[in-house]
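K.L.:
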Amino acid sequence: MVVLMSSSFVRLKILLVDDDVGCLRSLENLLELDGHEISTATRGQEAVDLARQLRREKREPELSILDYHVPDLTGLETYELLSQELPGLGAIFVTGDASSGLEERILEAGGLALVRKPLDSVRIRGAVKTFQRRWSSDCEEEFIG
């Protein structure tokens, strides 16, 4: 269930995946302060297992924020598996990787944005707000249509 807090705010359920616990906690705190419900995982497979559990509990996330490099799976591999469990799940990727072509691969796979580390709260919040606008627009169309 999506909770509308005001005409411009949609409270999201967000799944964060990052093996850097400091980065994970910083993102969690930032997004909780913004009013979102956060679930966290430090590995790709852990995120997939958590997504299954959240789906069973009817608390599935609408958005994922994934580190591109975690020990067991890449962010893209994790997102592919998550998408099988949660069709329609949005994805924002974060990385310290400066490889050329990475952003294009992420966007081609359905990712909404790539935010480079060190993380900037303005860029993260901007990417989340872009998703919120799309999500609330889709919800309105579904409700009205």
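Numbered as in the numbering used here, the sequence shown ends at 1543 without a single skipped number.
Glycine residues also receive a C-beta, built at the ideal position from the N, C-alpha and C atoms.
As the structure is a computational prediction, the values presented were derived from the model and not from experiment.
1. Can you tell me where the alpha helix (DSSP H) holding residue 1455 begins and where it ends?
2. Classify residue 1451 as buried or exposed, calling it buried when 16 or more other Cβ atoms lie within 10 Å of its own Cβ.
3. Residue 1410 and residue 1425 - do their beta-carbons sit closer together than 8 Å?
4. In whole angstroms, give me the CA-to-CA distance for residue 1489 and residue 1499.
5. Counting only runs that start and end within the stretch 1479-1529, where is the beta strand (DSSP E) found for 3 or more residues in a row?
6. Say whether the stretch 1517-1532 touches the stretch 1438-1445, bearing in mind that this needs 3 or more beta-carbon pairs closer than 8 Å, one atom from each stretch.
7. Output the distance between the C-alpha atoms of residue 1531 and residue 1477, rounded to the nearest integer angstrom.
8. So, residue 1513 versus residue 1521, is the Cβ gap smaller than 8 Å?
9. Just to confirm my understanding: we take residue 1517, look at its own chain, exclude 5 residues before and 5 after, and list those with CB closer than 8 Å. What are they?
10. What first and last residue would you give for the beta strand (DSSP E) that runs through residue 1423?
11. Spatial neighbours of residue 1468 within its chain, please: C-beta separation below 8 Å, excluding the five flanking residues on both sides.
P.N.:
Concretely, from the data shown:
1. Element bounds for residue 1455: n/a, residue is neither H nor E.
2. exposed
3. no
4. Computed Cα separation, rounded: 18 Å.
5. The DSSP assignment places complete beta strand (DSSP E) segments of no fewer than 3 residues inside the stretch 1479-1529 at 1488-1493 and 1511-1514, in order along the chain.
6. no
7. Their Cα atoms are separated by approximately 21 Å.
8. yes
9. 1421, 1424, 1425 and 1492
10. Boundaries for residue 1423: no beta strand (DSSP E) harbours it, while the alpha helix (DSSP H) harbouring it runs 1419-1431, taken from the DSSP string.
11. Contacts found: 1415, 1416, 1417, 1440, 1441, 1442 and 1476.
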